[in-house]
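One line per chain: the protein sequences are A and B, in this order. Just so you know, my numbering puts 131 at position 131 of the first sequence, and the rest follows in order with no gaps. Just so you know, my numbering puts 274 at position 100 of the second sequence, and the rest follows in order with no gaps.
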Amino acid sequence: MSCTGCCADNKLKELEKIIEKYKDIRGALIPVLHEAQELYGYLPLSVQKKIAEGLNIPLSEVYGVVTFYTQFSLNPKGKYKISVCLGTACYVKGAGEIYDKISEILNIKSGECTPDGLFSLDACRCIGACGLAPVITINEDVHGRLTVDDVPGIIQKYIDKEKEAKDQEKLVEA
Amino acid sequence: MIYRSHVLVCNGTGCVSSKSPDLMAKMEELLVANGIENEVKIIKTGCFGLCEKGPILVIYPEGATYCNVSVDDIEEIVNEHLVKGRIVKRLLLGDKEAEDVSKSRDNVGFFAKQKRIALRNCGVINPENIEEYIAHDGYLALAKAVTEMTPAEVIAEITKSGLRGRGGAGFPVGRKWQFAAQEVSDQKYVCCNADEGDPGAFMDRSILEGDPHSVIEAMAIAGYAIGANQGYIYVRAEYPIAVERLNIAIKQAHEYGLLGKNIFNTDFSFNLELRLGAGAFVCGEETALMTSIEGNRGEPRTRPPFPAVKGLWGKPTLLNNVETYANIPVILLKGADWFSSIGTEKSKGTKVFAIGGKIHNTGLVEIPMGTTLREVVYDIGGGIPNGKKFKAAQTGGPSGGCIPADHLDIPIDYDNLLEIGSMMGSGGMIIMDEDTCMVDIAKFFLEFTVDESCGKCPPCRIGTKRMLEILDRITQGKGEEGDIEKLEALAESINKGALCGLGQTAPNPVLSTLKFFRDEYEAHVKDKKCPAGVCTALLNYVIIADKCKGCSLCARKCPVNAISGEVKKPYVIDQDKCIKCGVCMESCKFAAIEKK
Numbered sequence: 001m002s003c004t005g006c007c008a009d010n011k012l013k014e015l016e017k018i019i020e021k022y023k024d025i026r027g028a029l030i031p032v033l034h035e036a037q038e039l040y041g042y043l044p045l046s047v048q049k050k051i052a053e054g055l056n057i058p059l060s061e062v063y064g065v066v067t068f069y070t071q072f073s074l075n076p077k078g079k080y081k082i083s084v085c086l087g088t089a090c091y092v093k094g095a096g097e098i099y100d101k102i103s104e105i106l107n108i109k110s111g112e113c114t115p116d117g118l119f120s121l122d123a124c125r126c127i128g129a130c131g132l133a134p135v136i137t138i139n140e141d142v143h144g145r146l147t148v149d150d151v152p153g154i155i156q157k158y159i160d161k162e163k164e165a166k167d168q169e170k171l172v173e174a
Numbered sequence: 175m176i177y178r179s180h181v182l183v184c185n186g187t188g189c190v191s192s193k194s195p196d197l198m199a200k201m202e203e204l205l206v207a208n209g210i211e212n213e214v215k216i217i218k219t220g221c222f223g224l225c226e227k228g229p230i231l232v233i234y235p236e237g238a239t240y241c242n243v244s245v246d247d248i249e250e251i252v253n254e255h256l257v258k259g260r261i262v263k264r265l266l267l268g269d270k271e272a273e274d275v276s277k278s279r280d281n282v283g284f285f286a287k288q289k290r291i292a293l294r295n296c297g298v299i300n301p302e303n304i305e306e307y308i309a310h311d312g313y314l315a316l317a318k319a320v321t322e323m324t325p326a327e328v329i330a331e332i333t334k335s336g337l338r339g340r341g342g343a344g345f346p347v348g349r350k351w352q353f354a355a356q357e358v359s360d361q362k363y364v365c366c367n368a369d370e371g372d373p374g375a376f377m378d379r380s381i382l383e384g385d386p387h388s389v390i391e392a393m394a395i396a397g398y399a400i401g402a403n404q405g406y407i408y409v410r411a412e413y414p415i416a417v418e419r420l421n422i423a424i425k426q427a428h429e430y431g432l433l434g435k436n437i438f439n440t441d442f443s444f445n446l447e448l449r450l451g452a453g454a455f456v457c458g459e460e461t462a463l464m465t466s467i468e469g470n471r472g473e474p475r476t477r478p479p480f481p482a483v484k485g486l487w488g489k490p491t492l493l494n495n496v497e498t499y500a501n502i503p504v505i506l507l508k509g510a511d512w513f514s515s516i517g518t519e520k521s522k523g524t525k526v527f528a529i530g531g532k533i534h535n536t537g538l539v540e541i542p543m544g545t546t547l548r549e550v551v552y553d554i555g556g557g558i559p560n561g562k563k564f565k566a567a568q569t570g571g572p573s574g575g576c577i578p579a580d581h582l583d584i585p586i587d588y589d590n591l592l593e594i595g596s597m598m599g600s601g602g603m604i605i606m607d608e609d610t611c612m613v614d615i616a617k618f619f620l621e622f623t624v625d626e627s628c629g630k631c632p633p634c635r636i637g638t639k640r641m642l643e644i645l646d647r648i649t650q651g652k653g654e655e656g657d658i659e660k661l662e663a664l665a666e667s668i669n670k671g672a673l674c675g676l677g678q679t680a681p682n683p684v685l686s687t688l689k690f691f692r693d694e695y696e697a698h699v700k701d702k703k704c705p706a707g708v709c710t711a712l713l714n715y716v717i718i719a720d721k722c723k724g725c726s727l728c729a730r731k732c733p734v735n736a737i738s739g740e741v742k743k744p745y746v747i748d749q750d751k752c753i754k755c756g757v758c759m760e761s762c763k764f765a766a767i768e769k770k
């Protein structure tokens, strides 16, 4: 599973393709950033430089746009991206306490990632599942109607899942 | 192929989150196992509205509505209902013993008082199949407009209907179209604001997920009316299902010749592109939205010039929101007179609200303008859970305000809500009960605004921050005499000085809570008390002597040794030492500790 650098080259080629696809479209920068972030998981400076060159706009402009929008991230995200909805409906139903609990368990704040790269935490705006408030999402999974007491169990589930996968890997290697 | 049964499964975000796709997979598997996969058709639809009771599915021809369905229930539904034709009564929504099952939900207040115009197709058709939309008179209004009406006639009809913008401010739609139409230019644009940013509002998302073609059709009609051949839908990236269905819908409309060149064999051509937002609330403001489509930081521009004169890429641009567009095709088909017969004198038609917070039936409702708040909260919403008292309804999101219990009988329309210091907004309605602290809620909205302020103009960038600092102080028990007056002065300056609508209205949550709940602010500032028991810094943990058994557990758990006493006698908390961590309350086995 060790990285040989080939994926970096492949990604670069992908990025060039994305830039090529949008190059002649007006207002291309934001769609390109969206796809680039999907590719890399975040938008490091090297990627921004490449985009600036490709679209022929100043790097400062690219950086300005990246930092303006909350969806774009300068830091890598965890393997499991936890978003706590802090929309009004979730907030009046105690989402703030749920956020605090997760932050306490993982010892990270919004926008940060755990040192092992497993979890990152974000406070997000309404995801529109107000019927299930309070809601958190972990990658694509939605966990709704939560209480603070549910939180440790949910996080543990992902830790267990990861451990299982690792054990499985070891087993295969053996 | 003709099917004997149709199963409609809600695939709105709410129900998808409560695992409706798993239900569909399970049902498909069981249909095959029973050999009836060619007799029963499973259709995924948009939102039925009652997200609280999701996942919801409806089986026709009986019209049985099943709610709170779990994967384990599917076997029973297939074996009983679909194989043997017996209704699974325990899962029916509403009256489980109704003679006519299709009417079981009729007496459920949630549905009885609604009138669905903008949501007409949500939960009825498969949003990913253009033919189902066409079968429900889809694209008929576009056909009528481009083949039978002149652009001026289209605008006249919309103007006559009295439709006002559903995005929040309520500007007359016909006039907006007229302004864009009268500009002379080689290029004009039609934009759709689907950047639904109000926390707690999901009307537009539900329309896009449940009936994307209605928006596409309306945008094409608008293009014809103002003379534009290019449209953009600016949609939040946080709505992946809506984005996917819009992409499918645009593709299908092109394939059917309903978008593209020479629509209905006329000279009219219209193309549509999707642009994804990237999580900036300010992009819901029209000039900021256009700046963002252009690929820049989404900062608002000064108006005038208005977008109708100088909008996207400096060209005349028409911009309406999703719900506004969803009304357009029906108005052209049924006529302006029909539409204006619904609603109040100055607010015609219906409004979709996303009801959430401390209420039984969270979900999506569409009500005629003029329905009272009381009907919405109690008849449709089913009242407040846990026997609590209604305290306020918040409308208009971060730009709006709170409506207290005294105004429960107010008929909801644009002007009435403005008059009492709130606003219609895009349609989020959060219900709060007696356990909600109004200072805390005002602080919540200000935190939102401070976070989302784009920073272009100082009144918003600096002013809201100062207001938040004061609120923070007040909720920390450090409020000073004169703080409330400072808040009011700042609010007025921001309202007068901010560049865009969002900045100007940012102080509203504070102003409206001050108007109706000033005593709560005063209790925080003067008495250092939070009447609702929310602001932790103002609460004291107290041991109730009668209930305390003197087990000493809390004293041992207390991290700062603030609790003392003799075993088997009531313990006492030293308030000066207490850091209000709450460990004692959590550890007490006799519920003898309370916050007050």
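Don't be surprised by glycine CBs; every beta carbon is placed ideally from N, CA and C.
- Annotated three-state conformation of B:S738 is strand, per DSSP.
- Here B:K200 carries a helix assignment [DSSP, helix/strand/coil].
- Using a 10 angstroms sphere on the CB of B:N590, the tally of other CB atoms reaches 16 or more, which defines it as buried.
- Taken through DSSP and simplified to helix, strand or coil, A:I30 comes out as helix.
- If you keep only unbroken alpha helix (DSSP H) runs of at least 4 residues inside the stretch 69-121 of chain A, you get 88-92, 95-106.
- Considering only B:I586, B:D701, B:G595, B:L673, the residue with the shortest C-alpha distance to B:T649 is B:D701.
- If only complete runs of 3 or more residues are kept, the stretch 539-604 of chain B shows the beta strand (DSSP E) at 564-569, 575-578, in order along the chain.
- The Cβ atoms of B:V275 and B:E211 lie no closer than 8 Å to each other.
- A:T70 reaches chain B at G453, A454, counting residues in chain order whose Cβ is nearer than 7 Å.
- When beta bridges are read from the DSSP output, B:G530 appears opposite B:I604.
- In this chain, the alpha helix (DSSP H) harbouring B:S466 covers 460-467.
- Going by beta carbons, B:E391 and B:L316 fall inside the 8 Å limit.
- Cβ atoms of B:V504 and B:I291 come within 8 Å of each other, at about 6 Å.
- As for any alpha helix (DSSP H) of minimum length 4 sitting wholly inside the stretch 231-292 of chain B, the runs are 245-250, 283-286, ordered along the chain.
- Measuring C-alpha to C-alpha distances from A:S46 to each of A:R125, A:S110, A:K93, A:L74 identifies A:L74 as the nearest.
- Look at the stretch 21-41 of chain A: the residues with a C-beta under 8 Å from a C-beta of chain B are R26, G27, A28, L29, I30, P31, L33, H34.
- Boundaries of the beta strand (DSSP E) harbouring B:N494: 491-495, taken from the DSSP string.
- Interface residue (Cβ-Cβ distance to chain B less than 8 Å): A:I18 is not classified as such.
- By the 16-neighbour rule on beta-carbons within 10 angstroms, B:W512 is exposed.
- In chain order, G374, G530, G531, T536 make up the part of chain B whose C-beta sits under 9 Å from the C-beta of A:A133.
- Those residues of the stretch 125-159 of chain A placed with their C-beta closer than 8 Å to a C-beta in chain B are R125, C126, I127, G128, A129, C130, G131, L132, A133, V135, V142, G144, ordered along the chain.
- Non-local C-beta neighbours of B:L204 in its own chain, meaning closer than 7 Å and more than five positions away in sequence, comprise I248, E249, V252, ordered along the chain.
- Contact annotation: B:L486 and B:W351 have beta-carbon atoms that are not nearer than 8 Å.
- Rounded to the nearest angstrom, the gap between the Cα atoms of A:E162 and B:G556 is 43 Å.
- Under the three-state reduction of DSSP output, B:V389 falls in the helix class.
- In terms of Cβ geometry, A:C126 and A:G96 do not form a close pair [threshold 8 Å].
- For B:Q404, the uninterrupted beta strand (DSSP E) segment begins and ends at 404-409.
- By the criterion of a C-beta distance shorter than 7 Å, B:C728 is surrounded in its chain by I737, Y745, C758, S761, C762, I767, once the five residues flanking it on both sides are discounted.
- Per DSSP, the beta bridge partners of B:Y363 are B:Q404, B:T491.
- At least one CB of chain A lies nearer than 8 Å to the CB of B:I604.
- Around B:E549, the same chain offers K287 as residues with beta carbons nearer than 7 Å, after the five sequence neighbours per side are excluded.
- Exposed is the label assigned to B:V734, since fewer than 16 other Cβ atoms lie within 10 Å of its Cβ.
- With respect to the 8 Å criterion, B:K639 and B:L713 are not classified as neighbours on the basis of their beta carbons.
- Judged by their CB atoms, B:I422 and B:R449 are not nearer to each other than the 8 Å cut-off.
- Within the stretch 701-761 of chain B, complete beta strand (DSSP E) segments of at least 3 residues are found at 715-717, given in chain order.
- Bridge partners of A:D141 according to DSSP: A:I138.
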